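Heads up: the sequence shown begins at -17 in my numbering, then just goes up one per residue. One structure is given here, and the rest of the page talks about it.
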Amino acid sequence: MVEDLLQREDRYNIRAVGRALRLLSLLSDGKPRTLTELSEEISINSSTTFRLLTTLACHNYVERDSQIPAYRLGIACLELTRAYQESSDIRRIALSELERLRDETKETVHLAVLDKMEVVYIEKLHGLHAIGIMHSLVGGRAPAYCTGLGKILLAYTDFDFVRTYYTETGLARFSDATIKNVDSLLDHLERVRNQGYALDLGEHEAEVRCVAAPIFGMSGMVLAAISVSGPVSRMKTLETQTELIQKTCEAAHAISSRIGYRARP
């Protein structure tokens, strides 16, 4: 099984992207380098190196100093740094809103990020009811395609990649409600993105219901997501879900605003 996973990852390994990332890594020490120096350091010919640098420059990941002439990191790398800082600090920023949301709903609240097409839980606040059946753990993982958190995070990714990935891996069935094919998943993710929230109606854990909403960073990228989860006995009616949707979206918006996100009019 491990060998199959390694082979699958190797199929997704694009050599040109790897080379471009090596160039960025070399330039990360702050020292400008000429085309010849970069070509020699990554052991590929100058024409290929030039094409890679030109592509990176078009997207502002590198800049060319015409006075030397040499290359250095561009402004887009700073934007990525800012996005990383936002995401790494997100638990601290979000915690008070998560506590408020848990206290208002009395249900379990999660904060999670997307990693390798899985949800990674970075915070969990247990509900205030005596009965709770969620099996999630901080640091634990869950499939993205059949969880509320995962679906809202996938809804803001590249759908072509989502299609390719799940066509290769398939969609394991966890319950009768689990989405069964890739086309249905993509249609569902389109609706999720348009409405701005995701529901999990027992797709991963049959007796659990969940509402999830995205957290945006300053640049407009989705950094993470929050959710409110509970047993079907308390969250089965549309009226309850409507209230939870509103509260969850409001909390996600408040966290996004604290990070510095400003929605476009």
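Think of the CB as a built atom: it goes at the ideal place given N, C-alpha and C, for glycine as much as any other residue. What you are looking at is a predicted structure, and each value in this text was computed from that prediction instead of being measured.
Separation of residue j from residue i, as counted between CA atoms
i: Gly12; j: Ala154; result: 46 Å
i: Tyr60; j: Arg74; result: According to the sequence as given, residue 60 is Leu; it is not Tyr. When rounded, the distance between both Cα atoms is 22 Å.
i: Leu80; j: Gly152; result: 33 Å
i: Arg84; j: Glu225; result: 13 Å
i: Ala39; j: Ile237; result: 33 Å
i: Val91; j: Val144; result: 26 Å
i: Leu171; j: Arg15; result: 43 Å
i: Gly202; j: Ser239; result: 11 Å
i: Asn27; j: Leu5; result: 13 Å
i: Ala194; j: His235; result: 12 Å
i: Thr18; j: Leu62; result: 27 Å
i: Ala94; j: Ile227; result: 17 Å
i: Lys218; j: Arg191; result: 8 Å
i: Ile57; j: Arg46; result: 12 Å
i: Thr101; j: Asn42; result: Per the sequence presented here, residue 101 reads as Val, with Thr not at that position. The straight-line gap from Cα to Cα measures roughly 30 Å.
i: Phe32; j: Tyr103; result: 41 Å
i: Ser29; j: Thr87; result: 60 Å
i: Pro196; j: Pro51; result: 43 Å
i: Val164; j: Tyr53; result: 42 Å
i: Val174; j: Ala76; result: 22 Å
i: Ser7; j: Arg82; result: 41 Å
i: Val214; j: Glu189; result: 5 Å
i: Thr36; j: Gln49; result: 17 Å
i: Gly122; j: Glu22; result: 42 Å
i: Leu110; j: Arg216; result: 13 Å
First and last residue of the uninterrupted alpha helix (DSSP H) at residue i
i: Glu45; result: Taken as a continuous stretch (DSSP letters only), Glu45 belongs to no alpha helix (DSSP H), being part of the beta strand (DSSP E) at Val44 to Asp47.
i: Ser157; result: No alpha helix (DSSP H) holds Ser157; DSSP gives it neither H nor E.
i: Glu89; result: It is not in any alpha helix (DSSP H) - Glu89 carries neither H nor E in the DSSP assignment.
i: Leu8; result: Arg(-3) to Leu9
Residue i (DSSP reduced to helix, strand or coil)
i: Asp165; result: helix
i: Asp142; result: helix
i: Thr16; result: coil
i: Ser201; result: coil
i: Ala245; result: coil
i: Ser25; result: coil
i: Asp85; result: helix
i: Ala206; result: strand
i: Ser215; result: helix
i: His235; result: helix
i: His117; result: coil
i: Glu187; result: coil
i: Leu(-12); result: Residue placement at Leu(-12) cannot be trusted, given a pLDDT of 42 that sits under 50; what the coordinates show is reported in the next sentence. Residue state, collapsed to three classes: helix.
i: His170; result: helix
i: Leu226; result: helix
i: Leu110; result: coil
For residue i: DSSP bridge partner residues
i: Asp182; result: Cys192
i: Arg54; result: Glu45
i: Tyr103; result: Ala94
Unbroken beta strand (DSSP E) run spanning residue i, endpoints
i: Gly132; result: Segment Gly130 to Leu136 is the alpha helix (DSSP H) holding Gly132; no beta strand (DSSP E) there.
i: Ala126; result: Element bounds for Ala126: n/a, residue is neither H nor E.
Contact test: residue i Cβ vs the ligand GTP heavy atom, cutoff 7 Å
i: Pro125; result: As presented, the structure is devoid of all ligands, the ligand GTP included, so that no description of it is given.
Does the segment 195 to 211 touch the segment 129 to 136, meaning 3 or more C-beta pairs lie closer than 8 Å? yes
I'd like to know if the segment 212 to 232 and the segment 169 to 180 are in contact, where contact means that at least 3 CB-CB pairs between them fall below 8 Å. Contact annotation: the segment 212 to 232 touches the segment 169 to 180, with at least three C-beta pairs closer than 8 Å.
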